[in-house]
Amino acid sequence: MRRLPRSAWHAATVASVRPETSQSARIELDVDGWPGNAAGQHLDVRLTAPDGYTATRSYSIASSGPSSRVVLAVDRVPGGEVSPFLVDELRAGDQVEVNGPLGRFFIWEAPGADVSDAPNAPDAPDVSDAANASDAPDARDASRPVQLVGGGSGIVPLYAMAHAHAEAGDDTEFRLLYSVRTPEDTFFRAELAQLAVNGPGRAGGIRIDLIYTRAAPTGHERPPMRLTRDEVARLVVPAERAPRVFVCGSTGFAELVASWLLDLGHDARSIRIERFGGT
Amino acid sequence: MTEHHRTAHPAPHVDGNALAGPLAELFAFDVTDAVARCGSCGTADVVARAMVYRSAVGTVVRCPACDDVLATLVESDDRIWFSMRGMSAIEVRRR
Ligand SMILES: Cc1cc2nc3c(=O)[nH]c(=O)nc-3n(C[C@H](O)[C@H](O)[C@H](O)COP(=O)(O)OP(=O)(O)OC[C@H]3O[C@@H](n4cnc5c(N)ncnc54)[C@H](O)[C@@H]3O)c2cc1C
Ligand SMILES: [Zn+2]
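Heads up: the protein sequence lines correspond to chains A and B, in order. The letter at position 68 of the first sequence is residue 68 when you use this note's numbering, and the numbering goes up by one with no holes. The letter at position 67 of the second sequence is residue 67 when you use this note's numbering, and the numbering goes up by one with no holes.
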């Protein structure tokens, strides 16, 4: 397995902040000494008040690769301590501290992705039950379809994966099921539309299914309502095809989707979840 | 996750992914894909799949299978207090 860069605290300068949706902002940071990151990793942002009080929160990284400019998308949680500040008050030129890149579990890397300095030793044979449980990526993963399931801001790490997949021209089958309130609440709306242009049949292509829960675009056949179990059964790569599934969103959304996937026969070890908190 | 867990812990939890940052200050590696064995039920799974409950007091890490406490983490300005009392073993891949 590829050696991922070590995490550390870094000073970051805000390069830009602009509205992503009406409730969220896209924040670009120039991170001093950032070693690059894999698609799906996150970082911890630490804010320090003049009196020394600090608050730290995790944010997924929408970008991947060697660049020291990282892209975040932060949703405003009403009454929250950190997110309203990041969305409404942060300005270009401001400084924050970030710890990262973080996480080895909720990541996707293109098969045969550039192997770094580390010796690329084959994974140890799975003899102990502990090794079995770790479901470390192995060669077989390369041919398995990838299904991404996101709710709201939970798209952030999934977008990084879909983008990395397109960028690599990788021919793994990719599908994204994305639940949002309204078209205007869709994160990376233009970018996703762009990714979907390369349909599922082509290298780097992806099939995207958007689910609108409060208001749908005009002409959209499906009435706005919550994602259902039947839709998950219909739109997710079926369990028989053994997809690797990445689920991300609020804790409530992730739990619901995960319980349906298990019901539908998906192997618990093939499901990777990142819960953002909230119901 | 069952109804039982929901009522036992009303605050929405996150998962072991969120431990990557806090534990990077303690360990020389990212723990999220290390395998921890629960001392109560014996389940061995990656730390990323543990349930993490955070409050102003500190962080409680629970077994995703039996809900018992695997670890607790309390941070203050000048120290970090970490207990792994519910884990019987942890397996880390060399890399
Ligand atoms: C690994 C990881 C990655 C994350 N990535 C992102 C990301 O890319 N973009 C993003 O916007 N957020 C992300 N989050 C959530 C983020 O870390 C914060 O929890 C969120 O911004 C709220 O922080 P706050 O200080 O504003 O609210 P707090 O002051 O911490 O909480 C205020 C209230 O809101 C509730 N709450 C906490 N988190 C949420 C939530 N996510 N949704 C709804 N209610 C919540 C709390 O229970 C509390 O009642 C991620 C979380 C994790 C663990
Ligand atoms: Zn247990």
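We put the beta carbon where it would ideally sit given N, CA and C, even for glycine.
Per DSSP, what kind of secondary structure is B/P22 in: helix, strand or coil? Position 22 of the second sequence, counting from 1, holds the residue named residue 22 of chain B. Three-state DSSP puts B/P22 in a helix.
Any C-beta of chain B under 9 angstroms from that of A/L43: To locate residue 43 of chain A, count along the first sequence from 1; it is residue 43. Closer than 9 angstroms: yes.
Quickly, what does DSSP pair A/I273 with across the bridge? List them, please. Locating residue 273 of chain A in the first sequence gives position 273, where the first residue counts as 1. DSSP lists A/V247 as partners of A/I273.
CB of A/P84 to nearest heavy atom of ligand 1: below 8 angstroms? On the first sequence, residue 84 of chain A is found 84 positions in, with the first residue counted as 1. Yes, ligand 1 has a heavy atom inside 8 angstroms of this Cβ.
With a 10 Å radius around its C-beta and 16 neighbouring C-beta atoms as the bar for buried, classify A/L262 as buried or exposed. The sequence position of residue 262 of chain A within the first sequence is 262, counting from 1. Classification for A/L262: exposed.
Is any non-hydrogen atom of ligand 1 found closer than 8 angstroms to the C-beta of B/N17, if you look at the structure I gave you? The residue labelled residue 17 of chain B in the question sits at position 17 within the second sequence. Checking the Cβ of B/N17 against ligand 1 gives yes.
Kindly indicate if chain B contains any beta-carbon less than 9 angstroms away from that of A/S7. Counting from 1 along the first sequence, the entry for residue 7 of chain A is found at position 7. Chain B, which has a Cβ nearer than 9 angstroms to the Cβ of A/S7, makes this yes.
Does B/T72 get closer than 9 angstroms to chain A when you measure Cβ to Cβ? The sequence position of residue 72 of chain B within the second sequence is 72, counting from 1. Put simply, the CB of B/T72 is far from chain A, with every gap to its CB atoms at 9 angstroms or more.
Mind listing, in chain order, the continuous beta strand (DSSP E) runs of no fewer than 3 residues lying wholly within the stretch 170-206 of chain A? List check, beta strand (DSSP E) in window: 174-180.
Which bits of chain B does A/T279 rub up against, with CB to CB less than 7 angstroms? For this step, residue 279 of chain A is matched to residue 279 along the first sequence. Near A/T279 (Cβ distances below 7 angstroms), the residues of chain B are P12.
Anyone know if the C-beta pair for A/E97 and A/H10 falls short of 9 angstroms? Locating residue 97 of chain A in the first sequence gives position 97, where the first residue counts as 1. Locating residue 10 of chain A in the first sequence gives position 10, where the first residue counts as 1. In terms of Cβ geometry, A/E97 and A/H10 form a close pair [threshold 9 angstroms].
DSSP state of B/R93 mapped onto helix, strand, coil: For the purposes of this step, residue 93 of chain B is taken as the residue at position 93 of the second sequence. In the displayed model, B/R93 falls within coil according to three-state DSSP, outside both helix and strand.
Which residue wins for smallest C-alpha separation from A/E167, given the options A/Y178, A/I206, A/V45, A/P145? The residue labelled residue 167 of chain A in the question sits at position 167 within the first sequence. Minimum Cα distance to A/E167 is reached at A/I206.
Please say whether A/Y178 and A/G151 have beta carbons closer to each other than 9 angstroms? Locating residue 151 of chain A in the first sequence gives position 151, counting from the first residue. Locating residue 178 of chain A in the first sequence gives position 178, counting from the first residue. Yes. Within cutoff.
Starting from A/N99, find everything on chain B with Cβ-Cβ shorter than 7 angstroms and list it in chain order. Counting from one through the first sequence, the residue named residue 99 of chain A turns up at place 99. Neighbours of A/N99 on chain B, chain order: G21, A24.
Let me see if you follow: with CB-CB separation under 9 angstroms, is A/T48 close to chain B or not? For the purposes of this step, residue 48 of chain A is taken as residue 48 along the first sequence, with counting starting at 1. With 9 angstroms as the cut-off, A/T48 does not count as an interface residue toward chain B.
At least three beta-carbon pairs within less than 8 angstroms, the stretch 235-255 of chain A to the stretch 16-28 of chain B: No, they do not touch.
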